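These notes are about the structure you will find just below.
So, in structure tokens, the structure goes:
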């Protein structure tokens, strides 16, 4: 092929991350929700379990967003209720990346029997319907946070393993990897120095939607009553509990729903911006899938 | 030239939507039955120009001014619907990569029928057969039912040409139509193009970076540099006595396999779009520029009948002198550095093993340069990969300094890995995109010579100097470097190990010729400075003749012939070698 017309598979920095609007918006949304989730409890005017006044009281001076079905302060419960949803989702996603990413890297780089064996195991996991898996785990092992986290992580592992494997396969035939092999570098040095830095764009682009899915899964499970149990303060539980009073006291549902929406949108926009700045766009990534 | 040329381009200007010019002040005219070769290197605007001749501009690009008339029809400024009607009838296009141009899931016959239908509403089997017969392809029922991947590269390109001729256009634009093909196939496709031109009276615009190919086919040549034609005229005159310093540099950059000569590359790199200087675009790389050159672009001046040059100082351009060189120095045999004995290697695939090398034996002495010559699929790259431990052979032995080497690099002692280094073909994936140049070069020194971090960085800085790269690139990332610069970094990285054998796998095939010449010069200099032995893998006989003193000719994993370069190239014994040499284009 002529040098003039060949399309070059190379990393070129695109729009600067800090200057893109999507980065700023994504960062602002994500940071707001995370700050509320982490530091909210310190600012809560009331205890989340304190039964303050009548149920579904409208907003007033003492209860700026009114009270919920049992008469607890909505604002205080919202300020307390982010830690579980956000925390579990982040931990579950991180765990999924640790396991799935390792499987993918090893699978994609090894040219031995390890690859097909690992991938068949992943296929088996993929064959189990995710909600069925969660229900079985929850009924078998009880609805503890650990079960919730492991269950959500297990849902992500096959997908992450496949994406990381595909990205690794693509990078591992590049000249710089072969040069490292030829000079006899250890497998772990090659994975760490040559491969990992060159697949992070793909991994981050894929990570945004995954964290969103985790948030929605955790929220969904809590909402369905498989996850956290009342009287815990949790955004998803609040939506679920207060639904009957939606037309009397909409804040008790709208506020937690708004925060979950802000977080999922923010994380996606942010991941896209990071990935773009590293030369991959989420759209391209989705097409590749 | 006749009074009414078939193709008449005047004042063509093509720019990015931002207004940055890609092609400027382009004039071109061509009569029926003639072939004009548009020659240029990366970024010269030749492909943009060739697409514009169909009234087409890629997304983000627009034809901003000038006129393109084909058989009296103006293409510039026409609505897309009308242009679409004219394409194929008035002018058609043969793309570079036929494998990408043909739809992989449609049978050959159906693809041609589709085009026939678009043009005439017909598409009878007889018409399909005629289209195939025109390019000397079998019009059998079996053939028309094949899918593109069941065809060879040459057949695919013939199908692409047949498709282009379906609408009987008087003008065909061909963009690097033989670049992806083996030389033997290339020669037959070029013959085919010549025959079609004669029989159908076609006018052909042949776009290429390969001067040797263009000299064998074109009547006229237009040399493009940074968006402008810098010299044009009859092929023999432009290539034989170029008056523009760029053309002269280009011609002196091309190695010839029968008469090895000193190569003179063009220093510097081509200016990019948007970075073009106000004056002559070649001025920054030109050794005969004066102040006036940098003020405004020189006009295209007619200096003899039909010979035009865009240079203020063309009279000062020295005549083309091609200094013969002795080729690579031969080495009096000492004890062999590397011995390959009955090497066998294969590639595994689901459909069975593909033999890449069978019973290959040769040796390389200290400081000697040996070439492995062959077409794609000849097994030459696999042999190189076996030697540096990237591909485990199925049999035979590889000895370094008399000691047998383990099949895989990681199983070999450090000293063996350090002595054999490889430089890869593709400059665009040879460097880790996330590693700084200096770290990339320092790493092998640290790993293979066991020196400390600080010392290895000093070694790297010295090597950057040694491969003639500016020190300011040390802390850059590969994306900021040109292809030629990257290949120099790859060479520096290999040298950082202080090897005694350097394997060069098609290291210049992705580079422009003027850059190729500078890389070959560098390699020759390093060899004499460091006493390096080379295993030079290439399909290009000219490059091989310039670098190596001994050659092995490979075909399908078998050595067809081996000997000194003079014997192999001038007195080939084997039929395959003879065919290869006969087909190789020369200036």
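Protein chains in written order, with my numbering: chain A, 1015 to 1303; chain B, 839 to 1425. Quick reminder that beta carbons are idealized off the backbone N, C-alpha and C, glycines included. From a predicted model like this one, the values you see are computed outputs, not experimental measurements.
1. Taking only the alpha-carbon atoms, compute the straight-line gap between residue 1082(B) and residue 1147(B) and give it to the nearest angstrom.
2. Quick one: which chain A residues come within Cβ less than 7 Å of residue 1227(B)?
3. Does the ligand PLP have even one heavy atom less than 8 Å from the beta-carbon of residue 1233(B)?
4. Anything in chain A within Cβ reach of residue 1231(B), meaning under 8 Å, just list it in chain order.
5. Just the chain B side, please: which residues come within less than 7 Å of residue 1311(A) by C-beta, in chain order?
6. Quick check on residue 1197(B): does DSSP put it in helix, strand or coil?
7. Does the separation of the CB atoms of residue 1062(B) and residue 932(B) fall below 9 Å?
8. Using 10 angstroms around the beta-carbon of residue 1143(A), count the other beta-carbons present and answer buried if the total reaches 16, otherwise exposed.
9. Taking only the alpha-carbon atoms, compute the straight-line gap between residue 1418(B) and residue 1274(B) and give it to the nearest angstrom.
10. May I ask you to list, following chain order, the residues of the region 1204-1218 of chain A that have a beta carbon less than 9 Å from some beta carbon of chain B?
11. Under 8 Å, CB to CB, which of the residues in the region 1078-1101 of chain B have a partner in chain A?
12. Helix, strand or coil: which one does DSSP assign to residue 1047(B)?
13. Grab me the residues of residue 1328(B)'s own chain with a C-beta within less than 8 Å of its C-beta, minus the 5 sequence neighbours each way, in chain order.
14. Count the other C-beta atoms from every protein chain shown that fall within 10 angstroms of the C-beta of residue 1056(A), then say buried if there are 16 or more, exposed otherwise.
15. Spell out whether any CB of chain B is found under 9 Å from the CB atom of residue 1298(A).
16. Go ahead and pull the three-state DSSP assignment for residue 1122(B).
17. Let me check one thing: in DSSP terms, what residues is residue 1374(B) bridge-paired to?
18. Look at the Cβ atom of residue 1088(A), then the Cβ atom of residue 1263(A), and state whether they are nearer than 9 Å.
19. Please classify residue 987(B): is it buried, with 16 or more other beta-carbons within 10 angstroms of its beta-carbon, or exposed?
20. With a cut-off of 8 Å on the beta carbons, I'd call residue 957(B) and residue 1213(B) a contact; round off their distance for me.
21. Hey, does residue 1425(B) have any beta-carbon neighbour from chain A nearer than 9 Å?
22. Can you tell me whether DSSP reads residue 907(B) as helix, strand or coil?
23. Can you tell me whether residue 1414(B) is helix, strand or coil according to DSSP?
24. Please list, in chain order, all residues of the same chain as residue 1050(A) whose beta carbon is under 7 Å from its beta carbon, the five residues on each side excluded.
25. Of the choices 1318(B), 928(B) and 1113(B), whose alpha-carbon is the least far from that of residue 1042(B)?
26. Residues in the same chain with beta-carbon distance under 6 Å from residue 1233(B), minus the five sequence neighbours each way, listed in chain order, please.
27. For residue 1105(B) and chain A, any beta-carbon pair shorter than 9 Å?
28. Could you check whether residue 1299(B) and residue 1317(B) sit closer than 9 Å to each other, using their CB atoms as the reference points?
29. Exposed or buried, what is residue 898(B) when buried is set at 16 or more other beta-carbons lying within 10 Å of its beta-carbon?
30. Could you list which residues in chain D have their beta carbon closer than 7 Å to that of residue 1282(B), in chain order?
31. What three-state label does DSSP hand residue 930(B) in the structure shown?
32. Which residue marks the beginning of the alpha helix (DSSP H) containing residue 1172(A), and which one marks its end?
33. Just the Cα atoms here: how many angstroms apart are residue 847(B) and residue 1069(B)?
34. Taking residue 1172(B) as the reference, which of 1309(B), 1240(B) and 1134(B) has the closest Cα?
35. Go ahead and label residue 955(B) buried or exposed: buried means 16 or more other beta carbons lie within 10 angstroms of its beta carbon, across all protein chains shown.
36. By the DSSP assignment, the alpha helix (DSSP H) with residue 1003(B) in it spans what residues?
To lay it out plainly:
1. 6 Å
2. 1196
3. Among the ligands in the structure shown, none appear at all, so the ligand PLP cannot be discussed.
4. Residues of chain A passing the Cβ test: none, with the nearest at roughly 15 Å.
5. Chain A is shown from 1015 up to 1303; residue 1311(A) falls before or after that span and cannot be answered.
6. strand
7. no
8. exposed
9. 41 Å
10. 1207, 1208, 1211, 1212 and 1214
11. none
12. coil
13. 1261, 1262, 1265, 1268, 1269 and 1345
14. exposed
15. Because the pLDDT at residue 1298(A) is just 43, under 50, the model does not fix this residue reliably, and the value given afterwards should be weighed accordingly. No, no contact with chain B.
16. Taken through DSSP and simplified to helix, strand or coil, residue 1122(B) comes out as helix.
17. Looking at the DSSP output, residue 1374(B) sits in a beta bridge with 1209(B) and 1342(B).
18. The answer is yes: Cβ separation under 9 Å.
19. exposed
20. Not confirmed; about 36 Å, so no contact.
21. Among the residues facing chain A, residue 1425(B) is not included, as its CB has no counterpart in that chain under 9 Å away.
22. strand
23. helix
24. 1093, 1096 and 1273
25. 928(B)
26. 1182
27. no
28. no
29. exposed
30. No chain D appears in the structure shown, which is made up of the protein chains A and B.
31. strand
32. 1159-1186
33. 16 Å
34. 1240(B)
35. exposed
36. 991-1003
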